[in-house]
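Residue numbers (the numbering used here): 34 to 353.
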């Protein structure tokens with residue numbers, strides 16, 4: 034828990050805003066995890082990831098329920114996709130251990146350019162549901178979407194909800210509102226997959242996580258109701274804003290290594306402990322210089338510097 038009541042209050046506000054954005058179109062982690070990184074500088078990165086997931090799953094659960102009551106997404110598509118996303122989120126973290134972090138930067142940038150350009154150049158995209166496939170093929174593609182993006186969430190994570198929405202709109206043919214409803218169910222599954230690793234290892238900062246979770250829940254409820262009331266056009270507009278914001282994601286990909294490491298360490302519980310967490314934090318803080326980089330880059334993040342939220346001068350741990 035933060036030492037300052039002001040910092041604690043700001044984290045709760047960040048949880049509220051993140052819940053709203055995440056419920057509308059995904060990408061709430063771009064608000065919530067950086068806030069945790071800045072507000073809890075003494076916490077191990079794995080604790081921040083776990084606490085972020087606890088807060089997020091509160092919001093995704095209520096937004097998924099709200100969408101279900103008001104939009105009635107087809108569970109014959111949503112549930113298989115969510116199951117695949119759950120498996121993919123766990124498997125993605127393990128696979129990501131063997132992939133260099135630097136390899137992801139051009140991949141993420143390329144994906145964002147394609148997603149943004151494709152959506153911008155097709156103003157009618159996602160305004161109405163026009164499914165491109167049917168029957169078993171439709172379900173199979175939905176499962177593939179869940180598996181691939183779930184693995185992406187396990188290995189990296191920034192903008193998972195937004196990529197789910199885009200895949201459902203651009204590939205399967207859903208309107209943005211229907212896509213958001215299904216994406217929330219799948220996103221709940223990816224959060225749950227991560228927590229099956231983090232909770233048994235005692236990584237969650239429960240007081241902070243639950244306080245932010247309550248705020249995230251309120252934000253998720255309000256965001257889902259706003260999206261339902263204003264429709265696919267509104268969701269599409271917010272989607273474009275979030276995709277534009279995601280261009281900063283490559284600066285933050287260093288945290289992917291922490292998530293991967295924690296997943297692997299979960300398979301060897303004896304390696305996790307008090308001293309181990311300190312070592313994990315030291316190794317995760319910087320690829321280059323260590324120690325002072327944590328404090329220096331918190332300052333540079335606040336002032337809009339170019340070194341990311343956390344890391345040495347060459348970039349280390351960033352936000353999810």
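By construction, the Cβ of each residue, glycine as well, lies at the ideal position given by its N, Cα and C atoms.
Check your understanding: What number of angstroms, rounded off, separates the C-alpha of residue 248 from the C-alpha of residue 276?
Key -> The count along the chain shown starts at 1 and reaches residue 248 at position 215. The count along the chain shown starts at 1 and reaches residue 276 at position 243. Whole-angstrom Cα-Cα distance: 24 Å.
Check your understanding: Does the separation of the CB atoms of residue 251 and residue 49 fall below 8 Å?
Key -> Translated into positions along the chain shown, residue 251 becomes position 218. Translated into positions along the chain shown, residue 49 becomes position 16. Yes.
Point to revise | residue 174 - DSSP class collapsed to helix/strand/coil | key: By one-based count along the chain shown, residue 174 stands at place 141. In this structure, residue 174 counts as helix in the three-state DSSP scheme.
Practice item. Output the distance between the C-alpha atoms of residue 80 and residue 260, rounded to the nearest integer angstrom. Key: Looking up residue 80 in the chain shown gives position 47. Looking up residue 260 in the chain shown gives position 227. Those two C-alpha atoms are separated by around 32 Å.
Practice item. Taking residue 224 as the reference, give the member of 65, 63, 93 and 256 with the closest Cα. Key: Position 191 of the chain shown, counted from the start, is the residue given in the question as residue 224. Distances from the alpha-carbon of residue 224 to those of 65, 63, 93 and 256 put 93 closest.
Review point. Cβ of residue 208 versus every heavy atom of the ligand MN: is any distance shorter than 7 Å?
Key: What this structure holds is no ligand at all, so the ligand MN is not there to describe.
Practice item. Could you check the C-alpha separation between residue 59 and residue 121 for me, to the nearest Å? Key: Indexing the chain shown from 1 puts residue 59 at position 26. Indexing the chain shown from 1 puts residue 121 at position 88. One C-alpha to the other measures close to 18 Å.
Practice item. Alpha carbon to alpha carbon, how far is residue 139 from residue 172? Give it in angstroms, no decimals. Key: As a working mapping, residue 172 is identified with position 139 in the chain shown. As a working mapping, residue 139 is identified with position 106 in the chain shown. Whole-angstrom Cα-Cα distance: 30 Å.
Check your understanding: Taking just the CA atoms, how far does residue 238 sit from residue 203?
Key -> Against the chain shown, residue 203 aligns to sequence position 170. Against the chain shown, residue 238 aligns to sequence position 205. Spanning the two alpha carbons is a distance of roughly 38 Å.
**Study point:** Inter-residue Cα distance where the pair is residue 184 and residue 221
**Key:** For the purposes of this step, residue 184 is identified with residue 151 of the chain shown, where counting begins at 1. For the purposes of this step, residue 221 is identified with residue 188 of the chain shown, where counting begins at 1. So the two alpha carbons sit approximately 14 Å from each other.
**Study point:** Classification of residue 197 by the beta-carbon crowding that lies within 10 angstroms, buried from 16 upward
**Key:** Counted from its first residue, the chain shown places residue 197 at position 164. Residue 197 is buried by the Cβ-count criterion.
Exercise for review: Could you spell out where the alpha helix (DSSP H) holding residue 238 opens and where it closes?
Suggested key: Reading the chain shown from its first residue, position 205 is the one you call residue 238. Looking at the DSSP string, residue 238 is not in any alpha helix (DSSP H), and its letter there is neither H nor E.
Point to revise | Per-residue burial, residue 205 [other beta carbons within 10 Å of its own, 16 or more giving buried] | key: Your numbering for residue 205 matches position 172 in the chain shown. Buried.
Exercise for review: State the Cα-Cα distance for the pair residue 125 and residue 175, rounded to the nearest angstrom.
Suggested key: Within the chain shown, the letter at position 92 stands for residue 125. Within the chain shown, the letter at position 142 stands for residue 175. Between residue 125 and residue 175, the C-alpha separation is close to 17 Å.
Check your understanding: Can you name the start and end residues of the alpha helix (DSSP H) that residue 67 belongs to?
Key -> As a working note, residue 67 is residue 34 in the chain shown. Looking at the DSSP string, the run of the alpha helix (DSSP H) that includes residue 67 is 62-72.
**Study point:** Simplified DSSP assignment, three categories, for residue 207
**Key:** The count along the chain shown starts at 1 and reaches residue 207 at position 174. It is coil, neither helix nor strand.
Point to revise | Outcome for residue 25 when other beta-carbon atoms lying within 10 angstroms are tallied against a minimum of 16 | key: Residue 25 falls outside the range modelled here, since the chain spans only 34 to 353, and no answer is possible.
Check your understanding: When we look at the beta-carbon of residue 192 and count the other beta-carbons within 10 Å, is it buried (16 or more) or exposed?
Key -> Position 159 of the chain shown, counted from the start, is the residue given in the question as residue 192. Buried: at least 16 other Cβ atoms inside 10 Å.
Exercise for review: Tell whether a beta-carbon distance below 8 Å holds between residue 99 and residue 215.
Suggested key: Taking the chain shown and counting its residues from 1, one reaches residue 99 at position 66. Taking the chain shown and counting its residues from 1, one reaches residue 215 at position 182. Cβ atoms of residue 99 and residue 215: not closer than 8 Å.
Review point. Between 274, 241, 258 and 147, which lies nearest to residue 89 when the distance is taken from Cα to Cα?
Key: For this step, residue 89 is matched to residue 56 along the chain shown. Closest option to residue 89, Cα to Cα, is 241.
Check your understanding: What first and last residue would you give for the alpha helix (DSSP H) that runs through residue 105?
Key -> Here residue 105 is taken as the residue at index 72 of the chain shown, counted from 1. Taken as a continuous stretch (DSSP letters only), residue 105 belongs to no alpha helix (DSSP H), as it is neither H nor E.
**Study point:** Distance between residue 112 and residue 118 (C-alpha atoms, nearest Å)
**Key:** As a working note, residue 118 is residue 85 in the chain shown. As a working note, residue 112 is residue 79 in the chain shown. Taking the straight line joining both Cα atoms gives about 10 Å.
**Study point:** Given residue 264 as reference, the closest of 243, 64, 246 and 210 once Cα atoms are compared
**Key:** On the chain shown, residue 264 is found 231 positions in, with the first residue counted as 1. Nearest C-alpha to residue 264: 210.
Practice item. Return the CA-CA distance between residue 162 and residue 56, expressed in angstroms with no decimal places. Key: The residue you call residue 162 lines up with position 129 of the chain shown. The residue you call residue 56 lines up with position 23 of the chain shown. Taking the straight line from one Cα to the other gives about 19 Å.
**Study point:** Coil, strand or helix - residue 258 by DSSP
**Key:** Taking the first residue of the chain shown as 1, we reach residue 258 at position 225. In the structure shown, residue 258 sits in a helix (DSSP, three-state: H, G or I).
Review point. Which word fits residue 233, buried or exposed, when buried means at least 16 other C-beta atoms lie within 10 angstroms of its C-beta?
Key: For the purposes of this step, residue 233 is identified with residue 200 of the chain shown, where counting begins at 1. By the neighbour-count rule (16 or more Cβ atoms within 10 Å), residue 233 is not buried but exposed.
Review point. Given that a residue counts as buried once 16 or more other Cβ atoms are within 10 Å of its Cβ, and exposed if not, what is residue 274?
Key: What you label residue 274 is simply residue 241 of the chain shown in a count that begins at 1. Exposed: under 16 other Cβ atoms inside 10 Å.
Review point. Mind checking whether residue 65 and residue 47 have CB atoms under 8 Å apart?
Key: Along the chain shown, read from residue 1 onward, the residue named residue 65 stands at position 32. Along the chain shown, read from residue 1 onward, the residue named residue 47 stands at position 14. Their beta carbons are under 8 Å apart, which means residue 65 touches residue 47 by this criterion.
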